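Chemist: What follows is a single structure, and I will ask about it in a moment.
Number of protein chains: 2
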Amino acid sequence: MKVGELGERALVNLMAELIECTAVLCPGADDCSAIAYGDHYLVVTTDMLHKKTHFPREMTGFQVGWMATAATLSDIAAMGASPIGVTMAVGIPRDTDVAFALDVMRGCNACCTQNGTTLLAGDTDEHDELTLVGTAIGSVQQDKMLTRAGATVGDVVCVTGELGLAAAGVKMLLESRFADHRLRERALKKLFEPEPRIVYGQALADSGAVTALIDTSDGLSLSLYELSKASNCGFYLRAADLPISEEAKSVSHDRWEELTLAIYRGGDYELLFTARDGLLAAIPIPYTIIGKVTQSGMQLEVDGVVQELKAEGYEHLTASGPRV
Amino acid sequence: MKVGELGERALVNLMAELIECTAVLCPGADDCSAIAYGDHYLVVTTDMLHKKTHFPREMTGFQVGWMATAATLSDIAAMGASPIGVTMAVGIPRDTDVAFALDVMRGCNACCTQNGTTLLAGDTDEHDELTLVGTAIGSVQQDKMLTRAGATVGDVVCVTGELGLAAAGVKMLLESRFADHRLRERALKKLFEPEPRIVYGQALADSGAVTALIDTSDGLSLSLYELSKASNCGFYLRAADLPISEEAKSVSHDRWEELTLAIYRGGDYELLFTARDGLLAAIPIPYTIIGKVTQSGMQLEVDGVVQELKAEGYEHLTASGPRV
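Chains P and Y are the protein sequences, given in the same order. Residues 22 to 345 in our numbering are what the first sequence spells out, letter by letter. Residues 22 to 345 in our numbering are what the second sequence spells out, letter by letter.
Here is the structure:
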C-alpha cells in the first residue's frame, strides 16, 4: 500500500507505534512532546511547511518565514509553555532571489523576537521546493503544563480571538470580488502572519482554571475532536455563541457557509480550551465561551436544532485540496 | 542575484547576520547553538536531508531514518553534550510504500535508542521529494561544553576512528568493480548508518584535556578550516599519520587518491579535536594524533614535502556534485 492511499493520520498513528519514547508526552499525543528536565518540562514540536501546500505566491518572503515560525510557536503556546528558542531548516530552490531568501530569515527572526524568544540553529539546503521546518523548544513548570487531556464534564469550552478569519483570507485569495480593503487586509494578515498566542497560553497555565488546551491550527472541529479523544469526553457547541469574524461573514453567502469557515477551516492559530466554570474569573485574557464539555458526542446547536459536529478539516496526503 | 549563484555558505552568512540571537552560541558559529538553561547549556541543531543529495536508491528506509537521526546527533556529540531528544519532520511522496515509510521511522527510533535518547515530536507531510529534518537537543555543564574555538598553538590535533571510510563507500556505489564483500559491507554501513560519537564526545568533554571539537561530517579539511576560523589558528598535518581506512586504500589507484578520500570527502561523522599535549593521558577513548596546532597556515606534509591543505569538501547549491 502507498502512503497516499493510507492517509496522513493513519500513517502517523502507525509511525507513532514504532517509537520507543521515554518522554512524559510522546509524539502524536499532543501539540508538543514533553520531557522532564530538572523541575520543569521541556516541550518540543516540529512542523514542516512547504510551497505547494502552505505558501501561495501572494506571500512575501517575510511572511513565509513568519508563518513557519508562528506555526511551531503556536504549539508551544498550546502547552502553556514559554519558548526557549526556535530552529529553522530552510530548503530553497537555486533560482530563488537572494533578497527573497533573506526576507524569509527576517520573518523568522521577527516572529521570534516579537514572542520573546530567539532563533537558534538553522540549516540551509538546496531543494526543488521551498520547504521550511521549524522546531520550537519551550519550558513549563511541571504542575502548570496544559495538555489536550483533562477536560471534564461540566467545564466550559472557550476560544480566544475570532473564528474563520484565516479561512476568509483563503476565500478572498481565490475569489477577487471581495473589495473591502480593510477586511481583506486583516484577513490576509491573519492568514499569512498569524500570531502565536504565547502570552495567552502562559496566562491560561498560570490561571489554574484551565483543564485542557489546544491550538486551532487545524480548525475548530478537528481541534475539538483531538480534545475529545485525549480527554475522553464529548462537546456541545452553540453556533450562536461562536465569535465568527466580520471577515468570514462578509465573504459568506449564507449562515451555513459562515459556520463552515468558522468551524471546519483552519489557520486561525487561536487557543481552544476547557475551564472550570467556577474559576473563570481567574483567567485574565479575552476569550469567548462557545459551549460545554459533555459525557460523549460531538454536538452543534444551530438555531435550536442539534446536529453532529463533523470531523472535518484539513488533512494532507488524502486531502481534497490545499489549505491555502 | 539567485541563491544558486551566491552559494550556500555565502547565503548562510548573510542570513546569520539578520538574526538577533540572544543565545550563548548563535546559528552558524558552531555545530550547535547553545543557550543557558539553569546551570547547563541546552545545545540545539537542525539538519535537512533529502533524496536527491543524501539518499541514494541503495539505501533502505531504515538507513534513511538512521542517517537523518545520526547526522543531527553527531552535532550534539561535537559539543560534548548528552542528547535529550530528537524531533523528526518527514516529507514523504504519496507513492511511497507504507512499509518503506515505517522503516524510516524504525531507523530514527533505533538510532535514538542506541544513543541513549528518544524521539520527541514528529511531523509527517506530503512532499514531492523524500525530505527528513532532524533536530536534536542536548545538554552539557556550562564549564564542560566544547566548541570549535579554543585550539591553541602547541596543541595536538586528533581524530577518532578512521578516515575515508564513507568516501570509499561512495566510490564502491559508483563503481561496481570492487568485489571484496567484507570491505564493501563495512564501507556502506559507515556511509548509510554512521555512528554519532555521543559517548566519545562526552568523554572528551569530561577529560579536561580537549580545547576544541568538531565532527567531520563535511570532511577532514573543511572541518579543520572551521576550527581554524573559530580558534584563529593554523594546522600542520602529517599525511603519514592519518588513520586512512583499509577500504579507502582498497578503492584508490594511488596515494594521491587515498589522501583525497581521507581529507577532502565527508560522511565519516568522526570527532576531530585539539588537545593539550601534556594532558593526553586523561583522554579515555581511542584516537589518532594527526598533527599540531600552529600560529597560521593550513599545511599538509606528504612524504617530506609540505603543501597547502585545500578548503575543499562538499558544499550545496554551488557544489559540482552530490556527496553520495
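Beta carbons are placed, not taken as given, at the ideal position from N, Cα and C, and that holds for glycine. These figures come from a predicted structure and were not determined experimentally.
1) Given Y/L258, which residues of its chain have a CB within under 6 Å of its CB, disregarding the five upstream and five downstream residues?
2) In angstroms, rounded to a whole number, what distance separates the CA positions of Y/A226 and Y/I219?
3) For the beta strand (DSSP E) containing Y/S54, list its first residue and its last residue.
4) Report yes if the C-beta distance between P/A283 and P/L184 is below 8 Å; otherwise report no.
5) In the segment 195-236 of chain P, which residue ranges form an unbroken beta strand (DSSP E) of at least 3 residues, counting only runs that do not cross its ends?
6) Using the C-alpha atoms, what's the distance from P/A189 back to P/S341?
7) Is the segment 160-178 of chain Y close to the segment 53-65 of chain Y, with three or more CB pairs under 8 Å?
8) Are the C-beta of P/T309 and some C-beta of chain Y separated by less than 8 Å?
9) Put Y/R259 into one of helix, strand or coil per three-state DSSP.
10) Comparing alpha-carbon positions, which option in P/G175, P/L243, P/T117 lies nearest P/T147?
11) Taking three-plus beta-carbon pairs below 8 Å as touching, is the segment 26-39 of chain P in contact with the segment 141-155 of chain Y?
12) Return helix, strand or coil for Y/S341, following the three-state DSSP convention.
13) Is there at least one Cβ from chain Y nearer than 8 Å to P/M36's Cβ?
14) Checking contacts by CB at 8 Å: is Y/A98 closer than that to chain P?
15) Considering only residues of the same chain and omitting the five flanking positions on each side of P/H274, which have a CB-CB separation below 6 Å?
16) Mind listing the chain P neighbours of Y/L39? Cutoff is C-beta to C-beta under 8 Å, in chain order.
17) On the three-state DSSP scale, how would you describe Y/Y308?
18) Report the residues of the segment 156-169 of chain P with a CB closer than 8 Å to any CB of chain Y, ordered along the chain.
19) Look at the alpha carbon of P/L141 and the alpha carbon of P/Q328, and state the distance between them as a whole number of angstroms.
20) Let me see if you follow: with CB-CB separation under 8 Å, is P/K210 close to chain Y or not?
21) Exposed or buried, which one is P/K429 when buried takes at least 16 other CB atoms within 10 Å?
22) Around the C-beta of P/P305, are 16 or more other C-beta atoms found within 10 angstroms, so that it is buried, or is it exposed?
23) Is P/D116 close to chain Y, meaning its C-beta is less than 8 Å from at least one C-beta of that chain?
24) Is there a Cβ of chain P sitting closer than 8 Å to that of Y/T81, yes or no?
25) If you check the beta carbons only, do Y/G182 and Y/A98 fall under 8 Å apart?
26) Report yes if the C-beta distance between Y/T67 and Y/T93 is below 8 Å; otherwise report no.
27) Could you check whether the Cβ of P/M88 sits closer than 8 Å to any Cβ belonging to chain Y?
28) Helix or strand or just coil, what does DSSP make of P/Q328?
29) At a CB-CB cut-off below 7 Å, which residues of chain Y make contact with P/L140?
30) Can you pull the chain P neighbours of Y/G28, defined as C-beta to C-beta under 9 Å?
31) Helix or strand or just coil, what does DSSP make of Y/L70?
32) P/G106: which of Y/L27, Y/S271, Y/L301, Y/E41 sits nearest, CA to CA?
33) Do you know offhand how far P/V314's Cα is from P/R297's?
34) For Y/L321, which residues in chain P fall below 9 Å Cβ to Cβ?
Modeler: In this structure, then:
1) I311, G312, L321
2) 11 Å
3) 54-58
4) yes
5) 231-236
6) Caution applies to P/S341, whose pLDDT of 35 falls short of 50 and renders its modelled position unreliable; the model cannot decide the point.
7) yes
8) no
9) strand
10) Sequence check: residue 147 of chain P is Glu here, not Thr. Nearest of P/G175, P/L243, P/T117 to P/E147, Cα basis: P/T117.
11) yes
12) Since pLDDT at Y/S341 reaches only 35, below the 50 mark, its modelled position is unreliable, and no value is offered.
13) yes
14) no
15) none
16) L123, M126, R127, N130
17) coil
18) T156, I158, S160
19) 47 Å
20) no
21) Given a span of 22 to 345 for chain P in the structure shown, any question on residue 429 of chain P remains unanswerable.
22) exposed
23) yes
24) no
25) no
26) yes
27) no
28) strand
29) I40, C42, P48
30) In chain order: nothing, as chain P lies at least about 10 Å away.
31) strand
32) Y/E41
33) 10 Å
34) The contacting residues do not exist; Y/L321 stays about 29 Å from chain P at best.
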